[in-house]
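Chains as they are written, first to last, in my numbering: chain A, -8 to 243; chain B, -8 to 243; chain C, -8 to 243; chain D, -8 to 243.
Before any comments, here is the structure.
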């Protein structure tokens, strides 16, 4: 969360990588720090990224997080089996603040956090891989359901335009069956790199609600770091090209 | 949901039993219909019943419902194992409208639904017994956290004042440990008749949020019907006393 | 497994408590060591105890052991969920040798192990409480199925004749339904102190086979120690009576 | 189990396909019936197939069968969750008799069942895919442990020598880690077409014991049928070549 360290989801805020230059200047580093978000943040930030044209204002989100999200040995089987644990240390704060930073804009060499207010309740459920999230969102704009579905389905970013090796063809997969997405059935599709969105429907309190699913071990961990690395290489911030690029950048 | 059929949680709306008289008059019945709510409604309606002094205005709730709530054979094990199913047919509507009816007031021989707006996302999780619900609520009043905890902990109703056999001593058990309530650890306590509330804390979107747990097979099914029956007997609406009571009531 | 330490299941080998006297003499102790068996041994030793009149000769047993048998935190949920772990450190040896000792006879102040040969394969399965065991047994005698069922059902010992507080009325409950016993349905019955036996039928290799279930946390742990303690008190080996008894015993 | 219908595991008894000719003669069929075994039989028959040089005499086997083996909807989640169901209708008989037929020899145009005696206890456990089996086996020969391991590891058959598309390179994968194979970790390897064998060690009752795992949905179902079909094509019993082959065969 350091202001000069970019927290990047390539489809959402690739431009935050510019902070790497500021790091070099401020810290005198040759390399740089680029981070990927918490495993539960990725799905939400990607979905809200797709809704950015409609200006998300307030979000209430409840998560159903997989056991693998706790690492190994992680949760004791006696705690996890046939149970819901309604608390994950530090997770709600990360989900609320990381998402604001990722959706934020670069202003004067720093990230200005997005103004969306997020309230998270995070839980652990006996699922192996895949974080499910039930989301209600209030938007400043008033899109129709079709416009929302189209915003999710057409969402795309630099990984797609650059054709990065680990990029899913569509970052968000929209489901129309009422009982999907489900972690067991959907989480491994698209190499675990897509976010699944389903049950898009009106929310009588905040406007719209939906369910999302993302793979916490792929899109929320190793795959996120990999896609970031591929983006850094493509943008010339890592690899031989980096020397030239950074040298050039340094001149300004 | 028929306007002359009371939907009763004895601690919350025992006075709705008066509708039984209207049934007798309108339908010419000697007996009557008194119903208990959907298994996921009970916990929410009880919690909001305790918060009625602060006037709940808007609620966003996400449920984690146990397998036993689907009856037998219910959910196929291949669907349920290590999975979250983000849809239960008709459940969200019930949760939204039944709660309004239960919290409503009797006016002119009919229930006037409470004005609270509820948005529910209901899911099935691999838990045996016990529905967990993550709730965010907006209140018209501005209680402190201590006042909220006290409202939950002191909540009480006719089953308690009448000492009905199946009544829990405290209808709502407040938990202070961050990782409670949990279905596996808490659902069977108090004979399965108490609602468990924990993690009461501010919600940056709606004001307050908390987690609740109730036993879908006891408080949400057989135990609910039993407590209703005990209340009917105690009020003289069932049993020998009923004859006299109804006879007396009939005179007015 | 020390030869002067009795390993006791009160229904099977209460007489081994005599070793406590030998301990006092050999070690000069005022107290004594009495142990209860491994959680997976109890069910097998009890079932074979009931079959002792038919002289068990060889046994092949495969266990399905509950997560709680590994203590806390025990097995990681990522290992346990939807899995079978075909190995439990040291468990097979305990099952094979403890059972021989428990079924053994006191000879010359020491336990002479029973001659039954046991081959165990022990596994961990995602069950909360209750060890299931699939047993094939070769007997020296040739009882009928009815005689076997009767031997199980009528099996009884000192806890029953002395009416010890924690003793189940029947140490072995015989099930006739083909799909029983099951840990989820049967393990808590009889206060968790009975061993459940079902599917008694011919084994084309060893003669007879059956399935047993016992509660690893009650009959296989705390309840076992408690019943041993109750037996020690009843026999005057613990408590005020012990002083007199041991004093008297010392004179011989 | 009809004597003129081959029950085929291509690595074990490809030669039984000759029965297809008998079918054509006896029934006057142009096509033919070739079946693949029960999902729990495959692993055992393959492992015993590898041990055929040592002449298996008696086998005691206990199975831990996955939920997917029961089809869909199959086992109710309320039965399956955190439970062991010690009975599967008809399964033990199939395991005992199918294995004898598969290991049998063709004599005079019919299968003469192998003389091995098998005693099976079959159970359902909360695993998604993969049947685990704990096996004790008595052999007529007296191989060393190394000879057994080699027999498993070098086992190979027509699918391998013909290079059939769905054939695993090694039909049996030998594990040396004490806690393997495990369904969650191993069942999907080798495309689900290999049988995993581990924990090979002496059995004090029957001589040797081990644990095996096979994928009930792949090697035990669709993959088995596919490999049979590939073998039929390769042998010219199906496809254009069949016409010639059968025509030729008919002349003899």
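By construction, the Cβ of each residue, glycine as well, lies at the ideal position given by its N, Cα and C atoms.
A quick note: this is a predicted structure, and the numbers were derived from the prediction, not measured.
- Message: Using a Cβ-Cβ cutoff of 7 Å, what residues of the stretch 57 to 78 of chain C are near chain D? List them in chain order.
- Response: 73, 74, 75, 76, 77, 78
- Contact between the stretch 111 to 126 of chain D and the stretch 57 to 72 of chain D: three or more CB pairs below 8 Å? yes
- Residues bridged to residue 55 of chain C (per DSSP): Counted from its first residue, the third chain places residue 55 of chain C at position 64. Paired residue(s): C:114, C:123.
- Spatial distance of residue 49 of chain D from residue 130 of chain D (CA atoms): One-based indexing of the fourth chain puts residue 49 of chain D at position 58. One-based indexing of the fourth chain puts residue 130 of chain D at position 139. Take the alpha-carbon of residue 49 of chain D and the one of residue 130 of chain D: they are about 7 Å apart.
- Message: If I measure Cβ to Cβ from residue 156 of chain A and keep anything under 8 Å in the same chain, skipping five residues before and after, which residues do I get?
- Response: Indexing the first chain from 1 puts residue 156 of chain A at position 165. Closer than 8 Å at the Cβ level, and outside the excluded window around residue 156 of chain A, lie 221.
- Item | Neighbour-count burial assignment, residue -8 of chain C, 16 or more Cβ in a 10 Å radius | For the purposes of this step, residue -8 of chain C is taken as the residue at position 1 of the third chain. Counting C-beta atoms within 10 angstroms of its own C-beta, residue -8 of chain C has fewer than 16 neighbours from the protein chains shown and is therefore classed as exposed.
- Can you check whether the CB of residue 25 of chain A is closer than 9 Å to the CB of residue 223 of chain A? Locating residue 223 of chain A in the first chain gives position 232, counting from the first residue. Locating residue 25 of chain A in the first chain gives position 34, counting from the first residue. The answer is yes: Cβ separation under 9 Å.
- Message: Quick check: the Cα distance between residue 100 of chain B and residue 110 of chain B, rounded to an integer number of angstroms?
- Response: Residue numbering aside, residue 100 of chain B sits at position 109 when the second chain is read from its first letter. Residue numbering aside, residue 110 of chain B sits at position 119 when the second chain is read from its first letter. If you draw a straight line from the Cα of residue 100 of chain B to the Cα of residue 110 of chain B, it comes to about 28 Å.
- Short CB-CB distance (under 9 Å) between residue 117 of chain A and chain C: For this step, residue 117 of chain A is matched to residue 126 along the first chain. It does; some Cβ of chain C falls within 9 Å.
- From the DSSP output, in three-state form, read off residue 93 of chain D for me. Here residue 93 of chain D is taken as the residue at index 102 of the fourth chain, counted from 1. Three-state result, residue 93 of chain D: helix.
- Item | Closest residue to residue 143 of chain C among C:90, C:1, C:189, C:194 (Cα-Cα distance) | The residue you call residue 143 of chain C lines up with position 152 of the third chain. Among C:90, C:1, C:189, C:194, the Cα nearest to that of residue 143 of chain C belongs to C:189.
- Query: Is the shortest distance between the beta-carbon of residue 239 of chain D and the beta-carbons of chain B less than 9 Å?
  - Reply: The residue given as residue 239 of chain D occupies position 248 in the fourth chain. In this prediction, residue 239 of chain D has a pLDDT of 45, which is less than 50 and means its spatial position is unreliable; nothing more can be read from the coordinates.
- Quick one, which of C:-6, C:1, C:-5 has its alpha-carbon nearest residue 154 of chain C's? As a first step, residue 154 of chain C must be located in the third chain, where it is residue number 163. Here the closest residue by C-alpha is C:1.
- Query: Once you ignore the five residues that flank residue 170 of chain C on each side, which residues in its own chain have a CB closer than 6 Å to its CB?
  - Reply: As a first step, residue 170 of chain C is located in the third chain; it is residue number 179 there, counting from the start. Nothing listed; no residue qualifies.
- Could you tell me whether the Cβ of residue 212 of chain A comes closer than 9 Å to any Cβ of chain B? Along the first chain, read from residue 1 onward, the residue named residue 212 of chain A stands at position 221. No, because no Cβ of chain B sits closer than 9 Å to the Cβ of residue 212 of chain A.
- In the DSSP assignment, find the unbroken alpha helix (DSSP H) run with residue -1 of chain A in it and report its ends. For the purposes of this step, residue -1 of chain A is identified with residue 8 of the first chain, where counting begins at 1. Unbroken run through residue -1 of chain A: none, as it is neither H nor E.
- Message: I'd like the span of the beta strand (DSSP E) that includes residue 187 of chain C, first residue to last.
- Response: In the third chain, the residue the question calls residue 187 of chain C occupies position 196. It spans 186 to 194 - the beta strand (DSSP E) in which residue 187 of chain C sits, taken as one unbroken run.
- Message: Closest to residue 75 of chain B by C-alpha separation, out of A:141, A:62, A:15, A:178, would be which residue?
- Response: One-based indexing of the second chain puts residue 75 of chain B at position 84. Residue A:178 is the option with its Cα nearest to residue 75 of chain B.
- Item | Residues of the stretch 100 to 114 of chain D with Cβ closer than 8 Å to any Cβ of chain C, in chain order | From the stretch 100 to 114 of chain D, only 108, 109, 110, 112, 114 have a Cβ closer than 8 Å to chain C.
- Beta-bridge partners of residue 153 of chain C, as assigned by DSSP: On the third chain, residue 153 of chain C is found 162 positions in, with the first residue counted as 1. DSSP links residue 153 of chain C through a beta bridge to no other residue.
- Determine the DSSP secondary structure at residue 136 of chain A, reduced to helix, strand or coil. In the first chain, the residue the question calls residue 136 of chain A occupies position 145. Residue state, collapsed to three classes: helix.
- Whole-angstrom distance between residue -4 of chain C and residue 15 of chain C, CA atom to CA atom: As a working mapping, residue 15 of chain C is identified with position 24 in the third chain. As a working mapping, residue -4 of chain C is identified with position 5 in the third chain. Computed Cα separation, rounded: 11 Å.
- Quick one, are the C-beta atoms of residue 55 of chain B and residue 126 of chain B less than 9 Å apart? In the second chain, the residue the question calls residue 55 of chain B occupies position 64. In the second chain, the residue the question calls residue 126 of chain B occupies position 135. Not in contact: residue 55 of chain B and residue 126 of chain B (Cβ atoms no closer than 9 Å).
- Query: For residue 218 of chain B versus residue 184 of chain B, is the C-beta spacing smaller than 9 Å?
  - Reply: For the purposes of this step, residue 218 of chain B is taken as residue 227 along the second chain, with counting starting at 1. For the purposes of this step, residue 184 of chain B is taken as residue 193 along the second chain, with counting starting at 1. Residue 184 of chain B is positioned such that its CB atom lies closer than 9 Å to that of residue 218 of chain B.
- Message: Rounded to whole angstroms, what is the Cα-Cα separation between residue 20 of chain C and residue 209 of chain C?
- Response: In the third chain, residue 20 of chain C corresponds to position 29, counting from 1. In the third chain, residue 209 of chain C corresponds to position 218, counting from 1. Rounded to whole angstroms, residue 20 of chain C to residue 209 of chain C spans 29 Å at the Cα level.
- Collapsed DSSP secondary structure at residue 179 of chain C in the structure displayed: Position 188 of the third chain, counted from the start, is the residue given in the question as residue 179 of chain C. Residue 179 of chain C: coil per DSSP, three-state reduction.
- Query: At a CB-CB cut-off below 7 Å, which residues of chain C make contact with residue 91 of chain D?
  - Reply: Stepping through the fourth chain from its first residue, residue 91 of chain D is reached at position 100. The premise fails here: residue 91 of chain D is roughly 11 Å from chain C at the closest Cβ pair, so nothing lies under 7 Å.
- residue 79 of chain D bridges to which residues according to DSSP? As a position in the fourth chain, residue 79 of chain D is number 88, starting the count at 1. Answer is none; residue 79 of chain D lacks a bridge partner.
- Message: I believe residue 140 of chain B touches residue 107 of chain B by the beta-carbon criterion, under 8 Å. Please report the beta-carbon distance rounded to the nearest angstrom.
- Response: Taking the second chain and counting its residues from 1, the one referred to as residue 140 of chain B is at position 149. Taking the second chain and counting its residues from 1, the one referred to as residue 107 of chain B is at position 116. In this structure, residue 140 of chain B and residue 107 of chain B do not form a Cβ contact; the two beta carbons are roughly 21 Å apart against a cut-off of 8 Å.
- Alpha carbon to alpha carbon, how far is residue 39 of chain C from residue 38 of chain B? Give it in angstroms, no decimals. The sequence position of residue 38 of chain B within the second chain is 47, counting from 1. The sequence position of residue 39 of chain C within the third chain is 48, counting from 1. If I take the Cα positions, the gap works out to 54 Å.
- Tell me which same chain residues have a C-beta within less than 6 Å of the C-beta of residue 10 of chain B, skipping the five on either side of it? Locating residue 10 of chain B in the second chain gives position 19, where the first residue counts as 1. Once the five neighbours on either side are set aside, the close Cβ partners of residue 10 of chain B are -5, -3.
- Item | Helix, strand or coil at residue 60 of chain B according to DSSP, with G and I counted as helix | Within the second chain, the letter at position 69 stands for residue 60 of chain B. Helix, per DSSP.
- Interface residues of chain A facing residue 175 of chain B [CB-CB closer than 7 Å]: Start at 1 with the first residue of the second chain, and residue 175 of chain B comes out as number 184. The answer, in chain order, is 73, 74.
- Message: Can you look up residue 129 of chain C in the DSSP assignment and give me helix, strand or coil?
- Response: Residue 129 of chain C sits at position 138 when you count from the first residue of the third chain. Strand, per DSSP.
- residue 104 of chain C in three-state terms, based on DSSP: Your numbering for residue 104 of chain C matches position 113 in the third chain. Residue 104 of chain C: coil per DSSP, three-state reduction.
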